[in-house]
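**Student:**
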Amino acid sequence: MRSAEPAQDAASVWDIATPSRRGRLPGVSMAGFRARTTDLVDLGVVPYPAVTVAVDLGDGPLVVDDFSGRQQSGSVVVGLASGGVRGRGRDIECLQVRLSPPVAHAVLGACSELGETVVSLDDLWGRDAARTQEQLRAAGSWDDRFAIAEAALVRRHQAGRTVSPEIAFVWGQMVTNLGGVRVERLAAEVGWSRKRLWSRFRAQIGLNPKRAAQLVRFDHAAHRLAAGHSAARVAAEIGYADQSHLHRDVMAFAGVTPTAVAVAPWLAVDDVAWAAPAYLSKS
């Protein structure tokens, strides 16, 4: 693995490191973040169609608040469609891992019960979370950290529960069609009733199929807004019925207007940190 050089000027607050080679596990993206400032960083999270694991490696604790006001300190797992989440701390240094929902189901074990909440990584991985965090803290470079994290993910994926082929197919269709799919058609394609697909998908992915498809579409809309496209143009390109429909979806997922999403600091570093989005993998 070549040296992972921190990407400068991605945003005023962060130095970012990314793996210099493709990972062994499809559906996984990783990035390392180090704050350039010792001032308090308080950042709202824009919901994303992947489960995010944030391993706290800094000197000061990383504190994460979810939509209900509950706080988690240290390494956390942020579930799908988790709106209203904020992370804050000083001297922040962390490794973020984004897992496509099918991979998260195997890697995290209780991911199907995670839903749209934030939980401590210790609650899902037990002692393995502490061991992995200690190894990451002791590592001499981001390259070493990425290798340690990948080994832990591969090990847990091999020992975990895989999603059913039908669910993996349905998720892949949602991604391919940017969320613009009908649940009834997908159920027919896998030979299941709508009720059975709804139940199995929610049990294995953590969201019902309709909300999962909406989340994929929202993510594309959010990134086009952040790229400077107007709300009217984005609504037409993504397939919303009209601009007000886009507005409702953005408010429902992010809790803010499309104008606010367009300038969200959380999205400012995406092109650098997440050049290959995890959720785009159908695995």
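Once you know that position 87 of the sequence shown is 87 in UniProt numbering, the rest is easy, because the numbers rise by one and skip nothing. Beta carbons: idealized from backbone N, C-alpha and C, even for Gly. This one's a predicted model, so the numbers in the text were calculated from it and none came from an experiment.
(1) In whole angstroms, give me the CA-to-CA distance for Gln8 and Asp144.
(2) What is the residue span of the beta strand (DSSP E) that Phe33 lies within?
(3) Counting only runs that start and end within the segment 103-174, where is the alpha helix (DSSP H) found for 4 or more residues in a row?
(4) Counting beta carbon pairs with one atom in the segment 18-34 and one in the segment 74-82, are three or more of them shorter than 8 Å?
(5) Just reading off the alpha helix (DSSP H) that Asp59 is part of, what are its end residues?
(6) Is Gly206 buried or exposed, if buried means 16 or more other CB atoms sit within 10 Å of its CB?
(7) Apply the 10 Å Cβ neighbour rule to Arg217 and answer buried if 16 or more other Cβ atoms are within range, or exposed otherwise.
(8) Measure the C-alpha to C-alpha separation of Pro19 and Gln96 and round it to an integer number of angstroms.
(9) Along the chain, where does the beta strand (DSSP E) containing Arg88 start, and where does it finish?
(10) Return the bridge partner residues of Gly44 from the DSSP annotation.
(11) On the criterion of 16 or more Cβ atoms from any shown chain inside 10 Å, does Asp56 qualify as buried, or is it exposed?
(12) Tell me whether Ala151 is buried or exposed, calling it buried when 16 or more other Cβ atoms sit within 10 Å of its Cβ.
(13) Suppose contacts are defined by Cβ-Cβ distances below 7 Å. Is Gly60 in contact with Gly89 by that definition?
(14) Taking Val261 and Ala227 to be in contact with their CB atoms under 8 Å, please state how far apart those CB atoms are, rounded to whole angstroms.
(15) Mark His245 as exposed unless 16 or more other C-beta atoms lie within 10 angstroms of its C-beta, in which case mark it buried.
(16) Within its chain, find whatever has a CB closer than 6 Å to the CB of Val170; leave out the 5 residues flanking it on each side and keep chain order.
(17) Looking at the secondary structure, which residues open and close the alpha helix (DSSP H) in which Arg248 lies?
(18) I'd like the list of long-range same chain contacts for Leu108, defined as Cβ closer than 6 Å, with 5 residues on each side in sequence excluded.
(19) Tell me whether Lys282 sits in a helix, a strand or coil according to DSSP, three-state version.
(20) Tell me which residues share the same chain as Ser193 and place their Cβ nearer than 7 Å to its Cβ, disregarding the 5 neighbours each side in the sequence.
(21) Please report how far the alpha carbon of Ala4 lies from the alpha carbon of Arg161, in whole angstroms.
(22) Does Pro209 pass the burial test, meaning 16 or more other C-beta atoms within 10 Å, or should it be called exposed?
(23) Exposed or buried, Pro47, counting other C-beta atoms within 10 Å across all chains shown (16 or more means buried)?
(24) Could you have a look at Ser73 and say whether DSSP puts it in helix, strand or coil?
(25) Give every residue of the same chain whose Cβ lies closer than 8 Å to the Cβ of residue 306, excluding the five residues on either side of it in the sequence, and list them in chain order.
(26) What residue from Thr37, Val13, Thr117 and Ala212 has the CA that sits closest to Val64's CA?
**Tutor:** Working from what's here:
(1) Residue placement at Gln8 is flagged as unreliable, the pLDDT there being 40, under the threshold of 50; a coordinate-derived value is accordingly withheld.
(2) Val28 to Ala35
(3) 111-114, 121-125, 127-138 and 142-159
(4) no
(5) Note, Asp59: premise wrong, no alpha helix (DSSP H); not H, not E.
(6) buried
(7) buried
(8) Between Pro19 and Gln96, the alpha-carbon positions lie close to 12 Å from each other.
(9) Arg86 to Gly89
(10) Arg86
(11) buried
(12) exposed
(13) The answer is yes: Cβ separation under 7 Å.
(14) Contact doesn't hold; Cβ gap of about 11 Å is too wide.
(15) Result: exposed.
(16) Leu186
(17) Residues Gln243 to Ala254.
(18) Leu124
(19) Residue placement at Lys282 is flagged as unreliable, the pLDDT there being 46, under the threshold of 50; the coordinate-derived value follows with that caveat. If DSSP states are grouped into helix, strand and coil, Lys282 belongs with coil.
(20) Ala187.
(21) Confidence at Ala4 is low in this model, with a pLDDT of 47, below 50, so the placement of that residue is unreliable and no value is reported for it.
(22) The residue is buried, with at least 16 neighbouring Cβ atoms inside 10 Å.
(23) buried
(24) strand
(25) Shown here, the chain extends from 1 to 283; a query on residue 306 therefore has no answer.
(26) Closest by alpha carbon: Thr117.
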